[in-house]
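**Student:** Going by full-length UniProt numbering, 70 is the number at position 70 of the sequence shown; the sequence numbering is gapless. Where is the CB? At the ideal position from N, CA and C, for every residue including glycine. Being a predicted model, the structure only gives us computed values, none of them experimental. This is the structure, below, for whatever I ask next.
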Amino acid sequence: MPPRLNVSAFSRSIAFRPKPQIQWPARSALRVAPSQCRTYADAPPYADQNAPAQDRSHKPSSEPIEHVSEEAAKTAQIMGEQGPDVNQGTPVEDIVKGDKEAQKNLPKVMQDALKQGNKMPAPKGSRSYSTMTTRSSEGMDMGLVDFEAASKLPVTPGLKFEMPTLPLPKDGHIKHRYDPVVEQVTNLLMRHGKKSVAQRQMAVVLQHLRTSPIPTINPARPLLPGAPPPSHLPLNPVLYLTLAIDSVAPLLRIRAQKGAAGGGVALQIPVPLSQRQRRRTAIQWILAAASKRRNLGSGKNSLGQRVAQEMISVIEGKSGIWDRRNAVHKLGVAARSNIVLPRRR
Numbered sequence: 001m002p003p004r005l006n007v008s009a010f011s012r013s014i015a016f017r018p019k020p021q022i023q024w025p026a027r028s029a030l031r032v033a034p035s036q037c038r039t040y041a042d043a044p045p046y047a048d049q050n051a052p053a054q055d056r057s058h059k060p061s062s063e064p065i066e067h068v069s070e071e072a073a074k075t076a077q078i079m080g081e082q083g084p085d086v087n088q089g090t091p092v093e094d095i096v097k098g099d100k101e102a103q104k105n106l107p108k109v110m111q112d113a114l115k116q117g118n119k120m121p122a123p124k125g126s127r128s129y130s131t132m133t134t135r136s137s138e139g140m141d142m143g144l145v146d147f148e149a150a151s152k153l154p155v156t157p158g159l160k161f162e163m164p165t166l167p168l169p170k171d172g173h174i175k176h177r178y179d180p181v182v183e184q185v186t187n188l189l190m191r192h193g194k195k196s197v198a199q200r201q202m203a204v205v206l207q208h209l210r211t212s213p214i215p216t217i218n219p220a221r222p223l224l225p226g227a228p229p230p231s232h233l234p235l236n237p238v239l240y241l242t243l244a245i246d247s248v249a250p251l252l253r254i255r256a257q258k259g260a261a262g263g264g265v266a267l268q269i270p271v272p273l274s275q276r277q278r279r280r281t282a283i284q285w286i287l288a289a290a291s292k293r294r295n296l297g298s299g300k301n302s303l304g305q306r307v308a309q310e311m312i313s314v315i316e317g318k319s320g321i322w323d324r325r326n327a328v329h330k331l332g333v334a335a336r337s338n339i340v341l342p343r344r345r
């Protein structure tokens, strides 16, 4: 039985499509090789970059140019003549001799000396003008460097530097380098532990005291004895601040002892204060009065300006702190009979 498939039919229905070829750009068979001529490099093209640099000091191109005097000396030696002294250098007059253009640029003194036909007299103990530079090896003998002091061993073994002189100055310690009054006022100005803000306000206070006019002293409210004249206070703001605080600082405080007077009545007893306690009381009074002052401006420095204005009012005797201090002293004098001294055995 013949097969039903006709092979000739398949050959007529299947179309032969050749595979499309990718059109590549034509490349030239010639390749340009890199130039082998190195006009600026001394090392091979594929040298190791981490290799140490070659020593070029032996090459003629690396040698420094000789000085004019040295070149003239060698030329004179070849010609059999006497050249200039290399150790002394060449004077400027000899260099510009015969060069009219260079002589015009010389100083007036040297031009006058050339016109007179004689050289400038060299100053005593020194050499004439020279273009010869001092060699580095000769500079060691000029006394500019003290090698003996540097080579001395420390007196105390185990210390690199000498022992400090005792007693130390007041500002010799890093934690106590400021004036005690300035440090105390800064600490009382501080709020919420922000000392940098208090230091900025303290700087404003000192700046305001330094730039303020000369204060007028009230004779009815004298300052501390031995105080400088008013014209000197703005020149020293720290002294200005200290004088204002110490002038209104109370000498005592009133301590109320409950039930000591009988019948539940408190007994007023005056208690003396130390210097730091007196200053603390005066600073607290000044800060309280400054906080009640009217703010004349706005900004971060308003508190420092008000404190400085209160300090000036204290010096001029216009502040109400003087009345508060006098009231404490008057009450202390009235209550001095309440002080009970220990009996002698």
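Return the residue from the list ALA334, LYS292, LEU224, VAL205 that minimises the CA-CA distance to GLY320.
**Tutor:** Locating residue 320 in the sequence shown gives position 320, where the first residue counts as 1. Looking from the CA of GLY320, the closest CA among ALA334, LYS292, LEU224, VAL205 belongs to LYS292.
**Student:** Could you tell me the alpha carbon to alpha carbon distance between LYS97 and ILE65, rounded to whole angstroms?
**Tutor:** Numbered from its first residue, the sequence shown carries residue 97 at position 97. Numbered from its first residue, the sequence shown carries residue 65 at position 65. Their backbone Cα atoms lie some 23 Å apart in a straight line.
**Student:** May I ask you to check if the CB of LEU252 is nearer than 7 Å to at least one heavy atom of the ligand MN?
**Tutor:** As for the ligand MN, it is missing from this structure, which has no ligand bound.
**Student:** CB-CB under 7 Å to ARG325, same chain, minus the five flanking residues each way: which ones, in chain order?
**Tutor:** To locate residue 325, count along the sequence shown from 1; it is residue 325. So the list reads VAL248, PRO250, once near-sequence residues are dropped.
**Student:** What does the alpha-carbon distance come out to for the pair residue 356 and ILE315?
**Tutor:** This structure leaves residue 356 out entirely; the chain is present only between 1 and 345.
**Student:** Just tell me which of LEU189, ILE245, GLY317 has its CA closest to the CA of PRO219.
**Tutor:** Locating residue 219 in the sequence shown gives position 219, counting from the first residue. Closest option to PRO219, Cα to Cα, is GLY317.
**Student:** Can you tell me the Cα-Cα spacing of residue 346 and ARG344, whole angstroms?
**Tutor:** Residue numbering for the chain in the displayed model covers 1 to 345; residue 346 lies beyond these limits and cannot be assessed.
**Student:** Return helix, strand or coil for LYS330, following the three-state DSSP convention.
**Tutor:** As a working mapping, residue 330 is identified with position 330 in the sequence shown. Here LYS330 sits in helix by DSSP.
**Student:** Would you give the residue range spanned by the alpha helix (DSSP H) that ALA102 belongs to?
**Tutor:** Numbered from 1 along the sequence shown, position 102 holds the residue referred to as residue 102. Taken as a continuous stretch (DSSP letters only), the alpha helix (DSSP H) holding ALA102 covers 100-103.
**Student:** Per DSSP, which residues does GLN199 bridge with? Please list them.
**Tutor:** Locating residue 199 in the sequence shown gives position 199, counting from the first residue. Answer is none; GLN199 lacks a bridge partner.
**Student:** Based on Cα-Cα distance, which residue from ALA113, GLY117, VAL68, GLU310 lies nearest to TYR240?
**Tutor:** Taking the sequence shown and counting its residues from 1, the one referred to as residue 240 is at position 240. Comparing Cα-Cα distances from TYR240 to each of ALA113, GLY117, VAL68, GLU310, the minimum goes to GLU310.
**Student:** Does DSSP put ILE312 in a helix, in a strand, or in coil?
**Tutor:** Within the sequence shown, numbered from 1, the residue matching residue 312 stands at position 312. Collapsing the DSSP output to three states places ILE312 in a helix.
**Student:** Does DSSP put ALA256 in a helix, in a strand, or in coil?
**Tutor:** On the sequence shown, position 256 is the one that residue 256 refers to. Strand, per DSSP.
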